[in-house]
Amino acid sequence: MKIIIKFFAIALLISFVACKKDAKDPEPEPTPVTPAPTTGTLKLEFEHMVDTLPLDFVQSYVNANLDTFKISTLKYYISNVVLTKTDNSTFVEANSYHLVDVASPVSTILNIANVPVGSYKSLSFTLGVDSARNNSGAQTGDLDPAKGMFWTWTSGYIMFKLEGSSPQSGSTGKGLTYHIGGFGGVNKTQRNFNFNFASTTSNITGSNSPMIHLSVDLNEFFKNPTTINVATQFFQMSTGVNAKTYADNYADMISFEHVHN
Amino acid sequence: MNKFAIIIFLFGFLIFASCKVDPKIIEPLPSDNLVEVVPLGWPQPIYSFSVNTISEDKFVLGRALFYDPILSEDSTISCGSCHQQFVAFAHADHNVSHGIYDRVGTRNSPGLFNLTWHPLFMHDGGVNHIEVQPLAPISNTLEMGANINPVIVKLQASSKYRNMFLKAFGTEVVSSQNMFRAMTQFMGLMYSYNSKFDLYKRRENNVELSDAELRGYNLFLTNCNTCHKEPLFSDFDFRSNGLAVNPLVNDIGREHITNSPQDKYKFKTPSLRNIAKTAPYMHDGRFNTLQQCLDHYANVKPNLINLDPLLLNNGLPLSSQDKQDIIAFLNTLTDYKFLADKRFADPNY
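Read top to bottom, the protein sequences are chains E and A.
Heads up: the first sequence begins at 5 in my numbering, then just goes up one per residue.
Heads up: the second sequence begins at 822 in my numbering, then just goes up one per residue.
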């Protein structure tokens, strides 16, 4: 009988040991040693302007052709963000596709995560979506076709979408509709931006929240090199040479303002 | 000692039972396996299922979506409305597509099979990937007329679909990517390679072609095979085949996509597989019979913009006997096994 009881006890012990989950004894907590962070998050803020006026969807603005206009929709892709350190090493953001939608303020500040600690002197990115993702079938996240930035009848992303109105518009409804896309060939509409932070650097320490301020001037969309006349140029919804004209205009739309560390 | 053995056994059992690991129940696939197929002598397909691994649950979800009018704006038109299996997933007796609110489209609904070999989709090649192809008819206002977002909302609200997405993708959250990938499994696995002609070519079951069918095959090789190239019976290129332009529609074809005047009036070469079943013919369904098609090719007016060089000199030199023989050959391209394959049938019937 003793032996049976012993077995009982041993078996019971085994069953507990074998099944131990969170029943372990509380061990003395080691003094917390937080390892020095190796990465941090950098924010890119896009501030939208029309010349010197902040953009909203209520106010009327005047473009280079002296047409009066309002904007009701402004969306565009920022992709393939690359940061360069003062030692010229680079950080390339993985799966780097961001849809900026002015109607959604949170989307106008991009969080670039997992950036290695260090001092950064320059930033580059593409306005638009690279050819590879235009050719790769159903995507998710900001590239989900449900975001309304993917043409259904001719595959490819709308890189930049501006809609609004103008009394001078040649459209019967006085609308302005610019859906700019085309991902390959001579009429591609992605445009690259590269900014040096001049004498400043963006310092990622892991404990700070550095931010890079960028300014987006929508009046540049309507000029330089081609001054847009909304009486005749009020609608663009396909790829080709006309789309390229608008892309060439927005190629200098974004400028570097300053860095907050 | 026996008592000990029993007790040890019981406790051993207790240990196992108390730590039980849920056994994975692996459901068997249907007898006719869902697998990628590259028929003998065919090139490698353009789309592989490497990023969209094949499973029965995804296939079944894709099939449910294909046959469900929930994908249209007013939930009246499904993909299967205009793509019927008994005519190789073309639309019987409809020259052009028939959409929501009885809207009438401008182009003929093509047959669906061997889609993973297609580099581009739609008659004008506007769609560049099989996964995003369903977006085109779903959002075309003359066809299913729906924005993708309300469609996803409808699917998300359906317990049937939440359950199917969970089984297929491990999440009840309906995303367009998972929706399209499921549909790609259903449509991409529609292989058609078992026509009489295929059996003859593969020397299976002692199938032989008749004299007329063989004469037709030889005429096909001389006159048709450049564009309707074996074994897929299309080169998937875009060509103007000399059809008179319908002034009411003035469909410029490929130019609509490329904005290139050299592409005006060009349309994608359709496969001739199952062609006896997919009437009416041509991008706008203007011909009801193969005889009319061959009559056209035997008498092409030379003045059309961008007419394919192969059809200059009034088209193909075909006698009426030649046409009969070619039709006899084309009839051997019907894959009855595919037309009757229950895996592709509407699950609601």
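Idealized CB from N, CA, C, for every residue including glycine.
Supposed close pair residue i, residue j - CB separation, criterion 8 Å
i	j	result
F880/A	L1160/A	At roughly 19 Å, the Cβ-Cβ gap does not stay under 8 Å, so F880/A and L1160/A are not in contact.
L1133/A	M1011/A	36 Å between Cβ atoms; not a contact.
Y101/E	D148/E	About 10 Å; that fails the 8 Å criterion.
T209/E	V121/E	6 Å
I898/A	G920/A	6 Å
F260/E	L222/E	Not confirmed; about 17 Å, so no contact.
T130/E	S170/E	Actually they do not touch by this definition, with Cβ atoms about 29 Å apart.
V1028/A	L1020/A	4 Å
V220/E	I258/E	5 Å
L1125/A	Y1157/A	Actually they do not touch by this definition, with Cβ atoms about 37 Å apart.
T992/A	N873/A	Actually they are not in contact, since the Cβ atoms of T992/A and N873/A sit about 15 Å apart, beyond 8 Å.
Contact set for residue i: own chain, Cβ-Cβ below 8 Å, skip 5 residues either direction
i	result
I1078/A	D945, G946, G947, D1084
N929/A	A911, H912, H915, N916, V917, S918, H944, P1101, Y1102, M1103, H1104, D1105, G1106
K25/E	In this predicted model, K25/E has a pLDDT of only 48, less than 50, meaning its place in the structure is not dependable enough to derive any value.
N253/E	E224, F225, F226, K227, N228, P229, T230, I232
Same chain only: Cβ atoms within 6 Å of residue i, ignoring 5 sequence neighbours per side
i	result
M985/A	L882
F187/E	S135, N138, G160
T249/E	T230
F238/E	S173, G174, S175, L180
I232/E	F226
R924/A	L963
L1128/A	S1061, G1063
G1037/A	D1146, I1147, A1149, F1150
N69/E	T231, N233
C903/A	H912, S918, S930
F990/A	N999
M241/E	H183
Cβ shell of residue i (< 7 Å), same chain only, five flanking positions each side left out
i	result
V245/E	N191
K178/E	S169, S170, P171
G901/A	F887, Y888, D1167
M163/E	Y80, Y81, L131, G132, V133, I184, G185, T193, Q194
F1041/A	I1147, F1150
Counted within 10 angstroms of its Cβ, other Cβ atoms place residue i as buried (16 or more) or exposed
i	result
P1091/A	buried
K165/E	buried
G189/E	exposed
A235/E	exposed
R1002/A	buried
Y1170/A	exposed
R884/A	buried
Q905/A	buried
H264/E	exposed
P866/A	buried
D895/A	exposed
A247/E	buried
A967/A	buried
Does the region 213-226 of chain E come close enough to the region 33-48 of chain E that 3 or more CB-CB pairs lie under 8 Å?
Contact annotation: the region 33-48 of chain E touches the region 213-226 of chain E, with at least three C-beta pairs closer than 8 Å.
If you pair each beta-carbon of the region 1089-1102 of chain A with each one of the region 1143-1152 of chain A, do three or more pairs fall below 8 Å?
Yes: the two stretches touch, three or more of their Cβ pairs being nearer than 8 Å.
Just by C-beta distance, which residues in the region 1121-1146 of chain A are closer than 8 Å to chain E?
For the region 1121-1146 of chain A, the beta-carbon criterion of a distance under 8 Å to any beta-carbon of chain E is satisfied by none of its residues.
When the Cβ atoms of the region 203-210 of chain E are set against those of the region 147-159 of chain E, are three or more pairs found closer than 8 Å?
No, they do not touch.
Using a Cβ-Cβ cutoff of 7 Å, what residues of the region 927-948 of chain A are near chain E? List them in chain order.
Of all residues in the region 927-948 of chain A, only G947, V948 come within less than 7 Å of chain E when Cβ atoms are compared, listed by chain position.
Cβ pair count under 8 Å reaching 3, the region 974-983 of chain A against the region 883-896 of chain A:
Segments in contact, yes.
Could you please tell me which residues of the region 132-143 of chain E, in chain order, have their CB closer than 9 Å to any CB of chain A?
If the cut-off is 9 Å between Cβ atoms, the region 132-143 of chain E has N138, N139, S140, G141, A142, Q143 near chain A.
Scan the region 232-258 of chain E for residues whose Cβ lies nearer than 8 Å to a Cβ of chain A and list them as they occur along the chain.
For the region 232-258 of chain E, which is checked against every Cβ of chain A, the residues closer than 8 Å are S242, T243, G244, V245.
Counting Cβ pairs closer than 8 Å, one from the region 84-97 of chain E and one from the region 49-62 of chain E, do we hit at least three?
Because the criterion of three Cβ pairs below 8 Å is not met, the region 84-97 of chain E and the region 49-62 of chain E do not touch.
Between the region 1066-1081 of chain A and the region 1048-1058 of chain A, do three or more beta carbon pairs fall short of 8 Å?
Taking 8 Å as the limit for Cβ pairs, the verdict is that the region 1048-1058 of chain A does not touch the region 1066-1081 of chain A.
Taking Cβ-Cβ distances below 9 Å as the criterion, which residues of the region 75-91 of chain E are in contact with chain A?
The residues in question: there are none.
For the region 145-159 of chain E, list every residue whose C-beta sits within 7 Å of some C-beta in chain A, in sequence order.
Against chain A - using a Cβ distance shorter than 7 Å - the residues of the region 145-159 of chain E are D148, P149, A150, T156, W157, T158, S159.
Residues from the region 946-965 of chain A in contact with chain E, defined by Cβ distance under 8 Å
Taking 8 Å as the upper bound on Cβ-Cβ separation, chain E lies near residues G947, V948, N949, H950, I951, E952, V953, L956, A957, I959, S960, N961 of the region 946-965 of chain A.
Relative to chain E, which residues along the region 972-1003 of chain A have a C-beta separation below 7 Å, given in chain order?
Of all residues in the region 972-1003 of chain A, those with a C-beta nearer than 7 Å to a C-beta of chain E are I973, S996, S997, Q998, F1001, R1002, reading in chain order.
Using a Cβ-Cβ cutoff of 9 Å, what residues of the region 1068-1082 of chain A are near chain E? List them in chain order.
Going along the region 1068-1082 of chain A in chain order, one finds H1077, I1078, T1079, N1080, S1081 with a Cβ nearer than 9 Å to chain E.
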